[in-house]
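Residue numbers (the UniProt record's numbering): 1 to 479. Here's the structure we're looking at; comments come further down.
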Amino acid sequence: MSAHDIWSRAEVFIDGEWRSPYDGGRAEVENPATESIVGTAAEAGARDVDDAVAAARRAHPAWSAQAHEDRVALLGDWLALLEKSYDTLVDTTVAELGAPVAIAREAHVDTALAVLRAYLDAAAEVRWEERIGHSTVLRSAIGVAACITPWNYPLYQVLAKVGGALVAGSTVVLKPAELTPLSAYLLLDAATEAGLPPGVLNLVPGRGQVVGEAMVSHPDVDVVSFTGSTAVGVRISELAARDVKRVCLELGGKSASIVLDDADLATAVTASVQGGMLNSGQTCSAWSRLLVPERLLPDALAAAGSAAADLVVGDPRSESTWIGPVVSAGQRRTVSGYVDRAVAAGARVVTGGTGAPFERGHFHAPTILTGVAADAEVVRDEVFGPVVTVQGYADVDEAIDLANDSPYGLHGAVWSGDGGRAYAVARRLRTGQVDINGAEFNPAAPFGGFRRSGNGRELGRFGIEEFLETTSIQRPAHR
Ligand code: NAD
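Shown next as structure tokens:
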């Protein structure tokens, strides 16, 4: 298939078959670097959701009754086909998100495939059956999972949900983000080729308020797994509460990177800025707040400024590019609005700013801000763009207070020359993840948030368990 065919899609995938949505809806997909249309996707409606949920419901008994080893073997074939499509997956991520090709490989496709691989390995870690006193505790698939994903990591977000659900034995109705539906089509192509039984995985691309709400409100859906904004997470929780559906939410973040006074300042600041700006800052776990000892603030600002200014902004197809565009014109306006208001409130721009670096494309310069109060909008809200604030702290207790003083609690970082000291600080952070001294991502460890960052856990054994129910069977001890 040519790139044109791969990205010109207009169908939903329901019960093992591709067909047009009932009302024939189709949406265009823009390349945010060029502002040209690179593809299309179906725009499904509520009746398509009804069919998809019915197909998933029909497929559930047989899929969940299989031994988990058999499901894992079939999903392993899916993974192998995805590995074979590696270059197409990378090209698609570059085209629909504007991710620089090097980032698309490492942070998107490699990570997404690692997450699926880790799910397959973790199937053996789930306690499918255990004894507690005179009870036998059974874990069984919850049923039909509605999976709704955001645009920022199109492949990863889908596999972080669908991988766990399918290993658990649940069946899935998937709605990818409107802005980045093309990768999801590739995942479905590979799933069909791998021979996933009809109805086990269904795809209904479309609008959140139409397709998403129809999924969440559907009485035959047992669990909603949602990643996206906190506002939509709240709406989904309200809708799902009517049927007391389980809801797993992975929401926004405003994570702090704490540099302790014994850290290698240049290394810690540079890595923090890069982490804060990875994927043009459109990462829920981005370290968008950098906290440094007050007396080291001038040196830290110099290091942060040059780390941001050194990031190569440009054509995502170039190997040397590190920062591509943000995903849309609307996202660019949102990001620059935050920067403009911060400056109006007294923040100082260390580097970057809101001027457009190029004539075309939704690019935003990597921007470092300082002189921001702890209660400033830019410190409290998720910006979701390449913007990092730098604040000074008087002592470690204040650093921890500043880090924890956030409506969110998704991620964090601690940098120190003393691993034990860093660990002691990490343990005091009220957040779902903390990385010490740049430790790498673990695709098998639970990922999720505190407070307004959500209530779910994805990845590895914890991610599978989101899609399981628990039954305790008591037998008389002596009969
Ligand atoms: P969004 O909330 O606008 O949309 C996410 C998904 O929800 C999309 O598929 C959208 O169509 C759908 N949706 C929108 N309204 C809906 C409704 N009323 N009912 C059902 N579904 C609906 O978020 P976004 O702009 O796509 O993504 C950015 C946000 O996602 C950021 O806030 C970011 O922090 C968050 N995010 C969180 C994580 C995490 O794991 N915690 C990961 C990535 C992104």
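From the three backbone atoms N, C-alpha and C, an ideal C-beta is built for every residue, glycine too.
- If you ignore the 5 residues before and after Pro325, its C-beta comes within less than 6 Å of the C-beta of Pro32, Ala33, Gly98, Gly361, His362, Phe363, all in its own chain and listed in chain order.
- Between Gly276 and Ser288, the CB-CB gap stays under 8 Å.
- The residues Tyr22, in chain order, have a CB closer than 7 Å to that of Arg47 in the same chain once the five nearest residues on each side in sequence are set aside.
- Below 8 Å, too few C-beta pairs join the segment 186 to 195 and the segment 136 to 143 to call them touching: fewer than three.
- Taking the Cα positions, Ala439 is about 12 Å away from Gly412.
- Within the same chain, Cβ atoms closer than 6 Å to the Cβ of Trp7 are found at Val38, Gly39, Leu182, the five residues on either side in sequence being excluded.
- In this structure Lys245 is not in contact with Val259, their Cβ atoms being roughly 42 Å apart against a cut-off of 8 Å.
- Placement of the Cβ of Ser255 at a distance of 7 Å or more from every heavy atom of the ligand NAD is found.
- A Cβ-Cβ contact shorter than 8 Å links Trp151 with Ala177.
- Contact annotation: Val247 and Ile236 have beta-carbon atoms nearer than 8 Å.
- Contact annotation: Ala365 and Gly353 have beta-carbon atoms nearer than 8 Å.
- In this structure, the C-beta of Val12 stays at least 7 Å away from each heavy atom of the ligand NAD.
- Residue state for Ala33 is assigned as coil, using DSSP reduced to three classes.
- Taking non-hydrogen atoms of the ligand NAD into account, the C-beta of Asn152 is found less than 7 Å away from one of them.
- Shown here, Ala145 sits in a strand according to DSSP, grouped into three states.
- In the DSSP annotation of this structure, the continuous segment of the beta strand (DSSP E) that includes Phe226 starts and ends at 223 to 227.
- Look at Gln209: its beta carbon is less than 7 Å from one of the heavy atoms in the ligand NAD.
- Judged by their CB atoms, Leu290 and Ser257 are nearer to each other than the 8 Å cut-off.
- Taking Pro293 as the centre and dropping the five residues before and after it, the same chain places the C-beta of Asp261 closer than 6 Å to its C-beta, in chain order.
- For the ligand NAD, no non-hydrogen atom lies closer than 7 Å to the CB of Ile323.
- In this structure, the ligand NAD has a non-hydrogen atom nearer than 7 Å to the beta-carbon of Phe384.
- Separation of Gln274 and Val137 (C-alpha to C-alpha, rounded to the nearest whole angstrom) is 45 Å.
- Distances from the CA of Ile473 to each of His134, Tyr408, Val234, Ala266 were compared; the closest alpha carbon is that of His134.
- DSSP places Asn202 inside the beta strand (DSSP E), whose first and last residues are 201 to 203.
- Ranked by Cα distance from Val173, the first of Thr180, Leu155, His218, Ile132 is His218.
- The straight-line gap separating the alpha-carbon atoms of Glu83 and Leu113 is approximately 8 Å.
- Counting C-beta pairs closer than 8 Å gives fewer than three between the segment 8 to 22 and the segment 159 to 172, which falls short of the contact rule.
- A Cβ-Cβ contact shorter than 8 Å links Thr367 with Val349.
- Membership of Ser257 in the beta strand (DSSP E) is indicated by the continuous run 256 to 259.
- Taking a C-beta distance under 8 Å as the contact criterion, Val390 and Leu301 qualify as a contact pair.
- Under DSSP, Cys248 shares a beta bridge with Ser225.
- Apart from the 5 residues on each side of it in sequence, Ala263 sits with its Cβ closer than 7 Å to the Cβ of Trp415, Ser416, Gly417 in its chain, given in chain order.
- Note that the C-beta distance between Arg430 and Gly448 is not below 8 Å.
- Taking Phe384 as the centre and dropping the five residues before and after it, the same chain places the C-beta of Gln282 closer than 6 Å to its C-beta, in chain order.
- Burial is judged here by how many other beta carbons sit within 10 angstroms of a residue's own beta carbon; Ile132 has fewer than 16 and is exposed.
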